[in-house]
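Quick notes on the structure that follows.
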Amino acid sequence: MAKQPNVLFIMTDQQRADTIAALGNEHIYTPNLDRLVRRGTAFRNTYSTCPVCVPARYTVRTGREPHTTTVYHNGGPDPQPGQADTMEGRCGAYLARTMTRLGYRTFGIGKFHTAPRYEELGYEVHLHSEELYGSPEVRGQDAYAAFIAREHPEFGFIEGLMGERTEMYYMPQMSPMPAEAGVEAWAADRAIEQLGVSDSRPYFGFVSFIGPHPPLAPPIPFNRMYDPDRMPNPVRGDRAVDHMDEQITWMNHAIWAEDINDSHARVLRARYYGELSYIDHCLGRILDAVEQRGDADNTLICFYSDHGDFLGDHHAWQKESFFEAACHVPLLVSWPGQIPENEQRDDLVCLTDLFGIATGAAGALETRDGMDVLGMLDGDVAPRTTLIGLYGDPGTPRFKVMVREGEWKYIYMANGGREQLFNLREDPDECVQRFDDARAVANRLRNAATEAVQRPNVDRALDDNGLRAFPFEERPLTRIYQFDRSRGVQGFPKHPKDALEQYQESAAGRRE
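Position 492 (the sequence shown) corresponds to 1472 in this note's numbering; numbering is contiguous.
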């Protein structure tokens, strides 16, 4: 029997699918992602079926869609009667625990974004680098923050180790940390340490970078790699169509992005690309460590992201929508001698399928809610014809469902019963609403969406007429405040002098 391969998952946060030079982006420098493209198969139609951090990550670690995880947004799970109270009770054992059972040495490094924050996921070695420290104790538990406090106390005064958030979320920044001490370099260093461990077992490793998620603060020299005037402007359609999803206008306001013009957007894209080139540089060091091992040719690598970022496309910023910029993600899979090299495919795949890739390679295929991608590459499994995406609690105005089939994409929004239809072959930028002139296609895909939600938990999105609709409502606009609460900062002061007094009191306490 052939020896089980090593399996290495490498993940970014908020990386669009169109950010790899070898796949057609002439504006970006990604030599190590290009290296992965050459090493294996690039899937050009990969989707995050719930395009926001927490649900996407639970999809990966469980192989289950939101109706099973019961996580439809960045909030807690919402199991219904008949569903188990625990995540693993509903979904089965987490991927790391499953791979341990299959005989693997397991390690997880980086951002996990679990709820609760430090949930036990089944890794033998589990090192966190999370964002937003809610208390001194939480900051002390974070492996990266503890590393900075221990190895680089000169940077201990920095509140936002990855850059400033709140009103600075979409303001171009430079990292407060040098590149060699940044969180992405830290993750690469820890991964390289784990790749150097001597063990008779194959390894399953998960390395999760925090970038290019905002704040867009690449370190020197990555902060000045890209000239904003060489960056493309955002792609926009009719604002009435772009903003049919009220989540977009609400989020734009929430993160101070409602007034970003083209020149500012180009600067932000330049910093976003700088973040990706920094990650690419760190990725290269990990790939070098893989190749220095004697078993490099028996190592399966998956590179992917949890969701994308609008970067101003469709008059929008952030994610949580089913436009391509937000839900279309990269997926590079390589396994020398086992799957095609330097090949690009247009099959419909999604993050849910990663569970089956890992377990299938390990010799104990478990697809759960996904499909057998490796079997598809071998020609033993038919490609997926239809892909469903879900976002927002079913039975509320926040609920949305996407159907991706062939050249078409259909989106239904419960808030107002609004519908969109795009032909991605003719209109890859999704600027032409086709709902009115391709009504037969829209009806067929709406029926597919209705059928897809006829299962426990998500069936709350139905009523006697099919997909449930609510009278359209705009959410009251609000801001998101993300200060460093571990240092006692709760928000903007009522008076400017209050911030100075708090700082002076804190400084006095540190001197004592």
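Backbone N, C-alpha and C define an ideal beta-carbon position, used for all residues, glycine too.
Counted within 10 angstroms of its Cβ, other Cβ atoms place residue i as buried (16 or more) or exposed
i	result
ALA1522	The requested residue 1522 is not part of the displayed model; the chain covers only 981 to 1492.
SER1178	exposed
LYS1515	Limits of the chain in this structure are 981 at one end and 1492 at the other, which puts residue 1515 out of reach.
ASN1437	buried
TYR1258	buried
TYR1052	buried
ASN1213	exposed
PRO926	Shown here, the chain extends from 981 to 1492; a query on residue 926 therefore has no answer.
GLN1272	exposed
ALA1165	buried
ASN1203	buried
SER1285	buried
ALA1420	exposed
GLN1484	exposed
SER1188	buried
ILE1266	buried
GLY1004	exposed
LYS1474	exposed
THR1458	exposed
8 Å CB neighbourhood of residue i in its chain, flanking five on each side removed
i	result
TYR1098	HIS1108 and GLN1121
SER1486	ARG1467 and GLY1468
GLY1136	ILE1128 and ALA1129
PRO1546	The requested residue 1546 is not part of the displayed model; the chain covers only 981 to 1492.
ARG1181	GLY1083, TYR1084 and ARG1085
ASP1058	THR1050, VAL1051, TYR1052, ASP1373 and ASN1437
VAL1118	ARG1097 and SER1466
Under the three-state DSSP convention, the category residue i falls into
i	result
LEU1003	helix
MET981	Confidence is the limiting factor: at MET981 the pLDDT is only 49, short of 50, which leaves the residue's position unreliable, though a coordinate-based value still follows. Coil, per DSSP.
LYS1299	coil
ASP993	strand
GLY1088	strand
ALA1022	strand
PHE1135	helix
ILE1128	helix
CYS1262	helix
GLU1323	strand
GLY1191	strand
PHE1283	strand
PHE1202	helix
LEU1267	helix
ASP1443	strand
GLU1399	strand
GLY1185	strand
TYR1027	strand
SER1155	coil
VAL1105	strand
SER1486	helix
SER1314	strand
ASN1427	helix
VAL987	strand
VAL1309	strand
The ligand ADP heavy atom lying under 7 Å from the CB of residue i
i	result
GLU1139	In terms of ligand content, the structure shown is empty, and the ligand ADP therefore cannot be addressed.
Nonlocal neighbours in the same chain, by C-beta distance under 6 Å from residue i, ignoring five residues either side
i	result
ARG1465	GLY1114
MET981	Here MET981 scores only 49 on pLDDT, less than 50, and its place in the model is too uncertain to base an answer on.
ASP1222	HIS1294 and HIS1295
LEU1256	THR999 and PRO1192
ARG1496	Since the displayed the chain opens at 981 and closes at 1492, residue 1496 lies outside it and no answer follows.
ARG1435	HIS1047
THR1229	HIS1223
GLY1446	THR1430
ALA1168	CYS1262, ARG1265 and ILE1266
Cutoff 8 Å: residue i Cβ touching any chain E Cβ
i	result
GLY1288	Judged by its chain identifiers, the structure shown contains no chain E, having just a single protein chain.
Close-in-space but distant-in-sequence residues of the same chain around residue i (CB under 7 Å, 5 per side omitted)
i	result
GLN1462	LEU1112, ARG1145 and THR1146
MET1142	GLU1111, VAL1163, ILE1190, PRO1195 and ALA1197
ASN1232	GLU1238, ALA1296 and TRP1297
ALA1276	VAL1270
THR1034	The residue asked about is misnamed: residue 1034 is Val in this sequence, not Thr. Answer for VAL1034: VAL1051, ASN1054, HIS1093 and ALA1095, listed in chain order.
ASN1278	LYS983, PRO985 and ASN986
**Sufficient close CB pairs (3 or more, under 8 Å) joining the segment 1038 to 1046 to the segment 1334 to 1353** = yes
**Asked** Does the segment 1000 to 1016 come close enough to the segment 1391 to 1401 that 3 or more CB-CB pairs lie under 8 Å?
**Response** no
**Prompt:** Enumerated in chain order, which unbroken segments of the alpha helix (DSSP H) with a length of 4 residues or greater are wholly contained in the segment 1329 to 1395?
**Reply:** 1334 to 1341 and 1353 to 1358
**Request:** Taking only runs that begin and end inside the segment 1030 to 1060, name each unbroken beta strand (DSSP E) of 3 or more residues, in chain order.
**Result:** none
**Message:** Contact between the segment 1056 to 1075 and the segment 1364 to 1372 is defined here as three or more beta-carbon pairs at a separation below 8 Å; is this criterion met?
**Reply:** no
**Message:** Between the segment 1372 to 1381 and the segment 1277 to 1293, can you find at least three pairs of beta-carbon atoms closer than 8 Å?
**Reply:** The segment 1277 to 1293 is not in contact with the segment 1372 to 1381.
**Message:** Check whether the segment 1076 to 1083 and the segment 1334 to 1345 touch, using three or more Cβ-Cβ pairs below 8 Å as the test.
**Reply:** Under the Cβ criterion (8 Å, minimum of three pairs), the segment 1076 to 1083 counts as touching the segment 1334 to 1345.
**Request:** With a floor of 4 residues, list each alpha helix (DSSP H) that falls wholly inside the segment 1225 to 1260, ordered by position along the chain.
**Result:** 1226 to 1234
**Asked** Is the segment 1404 to 1417 in contact with the segment 1428 to 1442, if contact means three or more CB pairs nearer than 8 Å?
**Response** In this structure the segment 1404 to 1417 does not touch the segment 1428 to 1442; the number of beta carbon pairs closer than 8 Å is below three.
**Asked** So does the segment 1241 to 1249 actually touch the segment 1300 to 1307, counting three or more Cβ pairs closer than 8 Å?
**Response** no
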